[in-house]
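These notes are about the structure you will find just below.
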Amino acid sequence: MAKLPTPQMLVASRPNFPDEPWIDTKPEFTPGSYCYPAKKETMELMHMPHPHEWDPAAEDWNLPENWEKILCDAFDDRLARHRSLKLFMDICVRCGACADKCHFFLGTNDPKNMPVLRAELLRSLYRRDYTMLGKLLGKRVGARGWDKEVVKELFSYAYQCTECRRCSLFCPYGIDTAEITAIVRELLHEVGLGTHWIMDPVKNCSFTGNHLGIQPHSFVEIVEMLADDCETITGIRPKTPFNEKGHEILFITPSGDVFADPGIYTFMGYLLLFHELDLDYTFSTYSSEGGNFGSFTSFNMAKKLNAKMYAEAERLGAKWILGGECGHMWRVINQYMDTYNGPSPSHMITPKSPITGTVFKNAASTKMVHIAEFTADLIYHNKLKLDPSRNDHIVTTFHDSCNPARAMGLLDEPRYVLKHVCNNFVEMPENTIREQTFCCGSGSGLNTEEIMELRMRAGMPRGNALRYVQQKHGVNHMACVCAIDRATLTPLANYWAPGVTVSGLHELVGNALVMKGESKRTMDLRQEDLPNVTDDEAEGEE
Amino acid sequence: MFESLLLVLLIGAIAWAGASMGLASLFGVVLPYAAVVVFIAGLAWRMMYWAKSPVPFAIPTTGGQEESLDFIKQDKLDCPSTKWGVFWRMVLEVLLFRSLFRNTYAEVRENDPISKGPRSIYYSSKWLWCFSLLFHYCFLLVFIRHFRFFMDPVPSCITFVESIDGIMQIGSPRFFMTGGILLAAILFLLGRRIFNQRLRYISLVNDYFPLWLILGVVVSGICLRYFDKTEIAQVKIFIMGLTHFAPVSAEHLNAMFIVHLTLVCTLLLYFPFSKLVHMPGIFFSPTRNLPNNTRRVRHVNPWNPPKQFFTYAEYEDAYRDAMADAGLPLEKQPEKAAE
Numbered sequence: 001m002a003k004l005p006t007p008q009m010l011v012a013s014r015p016n017f018p019d020e021p022w023i024d025t026k027p028e029f030t031p032g033s034y035c036y037p038a039k040k041e042t043m044e045l046m047h048m049p050h051p052h053e054w055d056p057a058a059e060d061w062n063l064p065e066n067w068e069k070i071l072c073d074a075f076d077d078r079l080a081r082h083r084s085l086k087l088f089m090d091i092c093v094r095c096g097a098c099a100d101k102c103h104f105f106l107g108t109n110d111p112k113n114m115p116v117l118r119a120e121l122l123r124s125l126y127r128r129d130y131t132m133l134g135k136l137l138g139k140r141v142g143a144r145g146w147d148k149e150v151v152k153e154l155f156s157y158a159y160q161c162t163e164c165r166r167c168s169l170f171c172p173y174g175i176d177t178a179e180i181t182a183i184v185r186e187l188l189h190e191v192g193l194g195t196h197w198i199m200d201p202v203k204n205c206s207f208t209g210n211h212l213g214i215q216p217h218s219f220v221e222i223v224e225m226l227a228d229d230c231e232t233i234t235g236i237r238p239k240t241p242f243n244e245k246g247h248e249i250l251f252i253t254p255s256g257d258v259f260a261d262p263g264i265y266t267f268m269g270y271l272l273l274f275h276e277l278d279l280d281y282t283f284s285t286y287s288s289e290g291g292n293f294g295s296f297t298s299f300n301m302a303k304k305l306n307a308k309m310y311a312e313a314e315r316l317g318a319k320w321i322l323g324g325e326c327g328h329m330w331r332v333i334n335q336y337m338d339t340y341n342g343p344s345p346s347h348m349i350t351p352k353s354p355i356t357g358t359v360f361k362n363a364a365s366t367k368m369v370h371i372a373e374f375t376a377d378l379i380y381h382n383k384l385k386l387d388p389s390r391n392d393h394i395v396t397t398f399h400d401s402c403n404p405a406r407a408m409g410l411l412d413e414p415r416y417v418l419k420h421v422c423n424n425f426v427e428m429p430e431n432t433i434r435e436q437t438f439c440c441g442s443g444s445g446l447n448t449e450e451i452m453e454l455r456m457r458a459g460m461p462r463g464n465a466l467r468y469v470q471q472k473h474g475v476n477h478m479a480c481v482c483a484i485d486r487a488t489l490t491p492l493a494n495y496w497a498p499g500v501t502v503s504g505l506h507e508l509v510g511n512a513l514v515m516k517g518e519s520k521r522t523m524d525l526r527q528e529d530l531p532n533v534t535d536d537e538a539e540g541e542e
Numbered sequence: 543m544f545e546s547l548l549l550v551l552l553i554g555a556i557a558w559a560g561a562s563m564g565l566a567s568l569f570g571v572v573l574p575y576a577a578v579v580v581f582i583a584g585l586a587w588r589m590m591y592w593a594k595s596p597v598p599f600a601i602p603t604t605g606g607q608e609e610s611l612d613f614i615k616q617d618k619l620d621c622p623s624t625k626w627g628v629f630w631r632m633v634l635e636v637l638l639f640r641s642l643f644r645n646t647y648a649e650v651r652e653n654d655p656i657s658k659g660p661r662s663i664y665y666s667s668k669w670l671w672c673f674s675l676l677f678h679y680c681f682l683l684v685f686i687r688h689f690r691f692f693m694d695p696v697p698s699c700i701t702f703v704e705s706i707d708g709i710m711q712i713g714s715p716r717f718f719m720t721g722g723i724l725l726a727a728i729l730f731l732l733g734r735r736i737f738n739q740r741l742r743y744i745s746l747v748n749d750y751f752p753l754w755l756i757l758g759v760v761v762s763g764i765c766l767r768y769f770d771k772t773e774i775a776q777v778k779i780f781i782m783g784l785t786h787f788a789p790v791s792a793e794h795l796n797a798m799f800i801v802h803l804t805l806v807c808t809l810l811l812y813f814p815f816s817k818l819v820h821m822p823g824i825f826f827s828p829t830r831n832l833p834n835n836t837r838r839v840r841h842v843n844p845w846n847p848p849k850q851f852f853t854y855a856e857y858e859d860a861y862r863d864a865m866a867d868a869g870l871p872l873e874k875q876p877e878k879a880a881e
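Line by line, the protein sequences give chains A and B. Under the numbering used here, the first residue of the first sequence carries the number 1, and numbering increases by one thereafter. Under the numbering used here, the first residue of the second sequence carries the number 543, and numbering increases by one thereafter.
Written as structure tokens, this is what we have:
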């Protein structure tokens with residue numbers, strides 16, 4: 001990885017707009033500006049169209065011979081399938097309200113990273129083929145034809161968008177760049193252009209159930225190790241049920257939480273919580289990936305990976321599914337799952353908390369509940385014994401993940417939980433949280449090492465907001481409800497606000513949870529010393 | 543940005559010349575009928591074109607707290623979960639430009655004393671919202687005021703609008719506030735396109751042309767009322783003739799009136815083929831017009847392809863022995879599967 005400039009240098013080095021109009025500027029592919037291409041074998045294995053070897057830095061991308069026809073036909077097909085696409089091509093007035101709402105634009109000052117221009121890249125092609133004025137007047141009215149440079153440009157900017165939808169919140173017509181980006185990525189996959197960091201996890205999720213391609217027995221082993229760690233910390237070894245039939249609940253969380261620090265501590269939080277509740281649940285190795293890398297590729301790939309959830313719930317006879325903390329996983333579950341793969345298996349029921357009796361009517365059809373909803377309900381009904389002082393060593397803020405915020409509206413549930421498990425909670429500035437939250441800058445399949453500087457640029461608005469509360473209020477921790485965030489916010493915090501640690505919500509729950517029969521806690525879930533152990537001891541002796 | 547101004551001036555000049563050359567009936571009779579037909583048919587075609595494509599997924603942008611637990615307060619306007627909620631969200635969006643109201647202006651500082659390093663600050667920025675709202679409402683009121691030319695007798699509500707509009711009682715004929723504000727709002731919208739670097743960079747002829755055109759309509763209209771005063775009674779007789787499909791001669795009409803009418807007709811002709819279709823378009827926007835209830839109610843995709851995925855049976859076949867060694871429950875034990 002190339003050495004990063006300092007944050008000040010990064011901010012100062014954002015270039016001015018070019019002199020020539022955007023339609024005449026060409027994308028540049030220098031190391032660090034692009035994600036590595038998907039391997040030919042991976043694309044073949046996933047039956048993607050036109051797999052081929054190519055290199056973004058090369059002049060020739062080895063597109064299939066009839067690439068233009070493929071793309072034109074695919075575009076036509078998408079227009080026929082998605083009203084949103086037709087509409088978003090037609091109604092933009094270029095008012096510019098979206099421009100400085102995009103974290104990629106703020107961090108790069110590249111005009112084509114303004115959501116309006118990102119869409120205009122496609123809209124210019126639409127104008128030539130689908131509007132009378134574009135056909136007649138061409139470039140004068142912003143219309144242009146396909147050429148290989150345009151394909152490169154689409155690739156460049158479709159992978160400088162994290163589909164976070166912040167622009168769609170501010171757009172007076174609700175034009176959603178995530179929709180445009182998703183469709184452009186679909187078009188590019190039609191001519192065999194994909195990225196390694198997305199397609200490899202897609203392949204792994206499809207065949208092994210998790211994005212790293214860990215085989216079932218190893219997956220179980222890792223979870224057992226996490227359970228051992230739980231025992232070291234609490235004296236209680238939580239149960240780890242796998243692939244068992246006849247349980248009430250199937251629990252699915254992003255597999256990153258099984259492998260990657262700091263997600264593993266969130267996973268330990270789940271284990272402890274479920275054990276304490278004596279929850280009737282099981283994990284599945286087959287459907288062990290909550291995240292959906294297919295959703296960064298195409299709608300059909302998202303459907304294909306998502307299909308395993310209901311299939312496994314049906315096979316295991318689970319009555320409903322509890323979902324872990326994840327961002328785009330919840331975009332898929334909340335807005336796509338039921339449409340893709342519903343109706344849910346007939347034996348499933350509207351989720352009902354076995355502990356509180358609360359019926360989650362808002363999930364009556366998908367039968368899937370978010371863990372933050374589940375835990376907030378437990379806390380509200382006083383079903384958990386919590387000692388928030390165990391998190392007194394942290395002053396935490398909360399990062400709303402894009403998808404739960406703007407494609408679901410999960411805002412107050414995690415905050416409710418957080419406030420009950422932590423004594424010190426500070427919000428970041430109001431234009432950077434809740435529905436206006438800024439992306440970590442690496443979502444939708446961009447959290448790959450080779451574009452680290454670009455990621456830090458895209459993470460600038462989030463990084464700046466974090467640094468502000470760090471310096472002003474002494475914040476040293478950021479909680480989030482997204483596995484990609486847990487992986488990406490750590491380097492982001494190290495870069496923009498060194499000294500801030502990142503964790504999932506349920507790691508903090510696991511810390512604060514007072515379990516029946518537990519040994520005295522001296523360590524948090526990271527096996528670091530708890531700050532106020534002596535106080536606990538004094539209470540214990542009374 | 544100025545070539546579209548020249549185009550508007552050219553259209554005006556042609557209309558003027560046409561009126562002087564005795565072609566007033568072409569511009570005053572044929573063109574308005576054609577324009578109205580194209581406008582209505584064009585918009586209908588555009589809406590049908592949109593409607594032909596399905597809405598495969600329910601993708602509302604949630605602008606607030608979802609409907610979830612009883613003790614968590616839902617933001618029913620920005621994150622509606624019912625049809626009524628969506629209705630009110632759309633009312634706010636269409637009538638008050640709710641989303642634009644959120645607008646902020648981002649300033650990025652390299653060194654900020656509080657952050658001791660870079661800091662981004664987001665200032666509330668309501669100018670665009672304010673002038674857009676003024677522009678659209680004044681345009682609407684001016685349009686409504688014009689109904690006194692289309693109707694006889696003039697309904698009292700229109701007379702009322704006029705009396706409010708002229709309540710300042712400045713000048714004779716009375717100055718209509720809406721006309722003045724509309725002019726100011728157009729100049730603001732044009733000004734930001736010309737002077738704001740970002741806006742200038744993204745603006746196309748397609749953006750300047752409608753602004754210059756509407757400016758032309760407004761300026762010619764203001765001229766007709768205050769400066770190059772036209773004979774109102776004749777205009778009314780002429781327009782009533784048009785609306786009753788019994789057109790009277792346009793020859794005696796003021797050339798400026800023909801210019802005004804021609805520019806309005808140009809706007810109608812241009813409308814269905816331009817970004818101005820955002821007017822009906824907003825009602826179709828799937829990020830705004832759908833409830834956030836997709837976990838409660840299944841949204842159906844008419845082209846939903848058949849399910850194709852790596853099934854559990856295939857998975858167990860691939861990893862059966864390892865799974866058995868790990869003690870995982872199996873559908874078929876290895877020895878059974880081998881048979």
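Ideal Cβ placement from N, Cα and C applies to all residues, glycine included. Small disclaimer: the values here were computed from a predicted structure and weren't measured.
In whole angstroms, what separates the C-alpha of residue i from that of residue j?
i, j, result
"Glu-856/B", "Ser-206/A", "11 Å"
"Leu-193/A", "Leu-682/B", "48 Å"
"Gly-659/B", "Gln-471/A", "10 Å"
"Gly-342/A", "Thr-366/A", "7 Å"
"Leu-36/A", "Val-509/A", "Going by the sequence as given, residue 36/A is Tyr instead of Leu. Distance between the alpha carbons of Tyr-36/A and Val-509/A: 38 Å."
"Ile-233/A", "Asn-423/A", "21 Å"
"Asn-300/A", "Tyr-340/A", "8 Å"
"Ala-557/B", "Lys-594/B", "38 Å"
"Gly-823/B", "Ser-444/A", "28 Å"
Within the same chain, show all residues whose beta-carbon is closer than 8 Å to that of residue i, passing over the 5 residues directly before and after it, in chain order.
i, result
"Thr-358/A", "Lys-352, Asp-377, His-381"
"Asp-280/A", "His-247, Glu-248, Ile-249, Pro-354"
"Thr-701/B", "Arg-690"
"Lys-383/A", "Leu-277, Ile-355, Thr-356"
Taking the beta carbon of residue i as the centre, do at least 16 other beta carbons fall within 10 Å, making it buried, or is it exposed?
i, result
"Ile-198/A", "buried"
"Leu-505/A", "buried"
"Pro-103/A", "With the sequence shown as reference, residue 103/A is identified as His, and Pro is not the correct amino acid for it. So His-103/A counts as buried."
"Thr-30/A", "exposed"
Assuming residue i is part of the alpha helix (DSSP H), what are its boundary residues?
i, result
"Thr-701/B", "698-707"
"Val-545/A", "In this structure chain A extends from 1 to 542, so residue 545/A is not present and cannot be described."
"Gly-627/B", "625-638"
"Pro-752/B", "747-764"
"Arg-486/A", "483-496"
With a threshold of 7 Å on Cβ separation, who are the neighbours of residue i within its own chain once the five nearest residues in sequence on each side are excluded?
i, result
"Asn-831/B", "Val-628, Met-632, Phe-825"
"Leu-642/B", "Leu-670, Trp-671, Ser-674"
"His-52/A", "Lys-40, Asn-62, Gly-192"
Can you find the residues in the same chain that come closer than 6 Å, C-beta to C-beta, to residue i, ignoring five residues on each side of it along the sequence?
i, result
"Asp-536/A", "The predicted model places Asp-536/A with a pLDDT of 48, which falls under 50 and marks its position as unreliable; any figure quoted below should be read in that light. Correct list: empty, nothing qualifies."
"Ser-567/B", "Ala-792"
"Thr-181/A", "Ala-158, Cys-161, Glu-163"
Check for me: the beta strand (DSSP E) holding residue i runs from which residue to which?
i, result
"Glu-652/B", "646-654"
"Ile-396/A", "First, the residue type needs correcting, since residue 396/A is Thr and not Ile in the sequence shown. That run of the beta strand (DSSP E) goes 396-399."
"Thr-339/A", "Run containing Thr-339/A: none in the beta strand (DSSP E); it sits in the alpha helix (DSSP H), 338-341."
"Ala-479/A", "477-480"
>> Any contact between the region 597-611 of chain B and the region 847-867 of chain B? By contact I mean 3 or more CB pairs, one from each, below 8 Å.
In response: With fewer than three CB-CB distances shorter than 8 Å, the region 597-611 of chain B does not count as touching the region 847-867 of chain B.
>> Pairs of beta-carbons, one from the region 9-16 of chain A and one from the region 98-113 of chain A, closer than 8 Å: are there three or more?
In response: The region 9-16 of chain A makes contact with the region 98-113 of chain A: 3 or more CB pairs, one atom from each, lie closer than 8 Å.
> Got a sec: which bits of the region 281-303 of chain A sit with their beta carbon under 8 Å from any beta carbon on chain D, in order along the chain?
Replying inline: Considering every chain present, this structure includes no chain D. Its protein chains are A and B.
> Counting pairs of beta carbons, one from the region 220-228 of chain A and one from the region 329-346 of chain A, are three or more of them closer than 8 Å?
Replying inline: Pairwise C-beta distances place the region 220-228 of chain A out of contact with the region 329-346 of chain A, as fewer than three of them are shorter than 8 Å.
> Contact between the region 569-582 of chain B and the region 807-822 of chain B: three or more CB pairs below 8 Å?
Replying inline: Three or more Cβ pairs closer than 8 Å define a contact, and the region 569-582 of chain B meets that threshold against the region 807-822 of chain B.
>> Between the region 88-96 of chain A and the region 816-825 of chain B, can you find at least three pairs of beta-carbon atoms closer than 8 Å?
In response: Yes, since at least three Cβ pairs between the region 816-825 of chain B and the region 88-96 of chain A fall closer than 8 Å, the two stretches touch.
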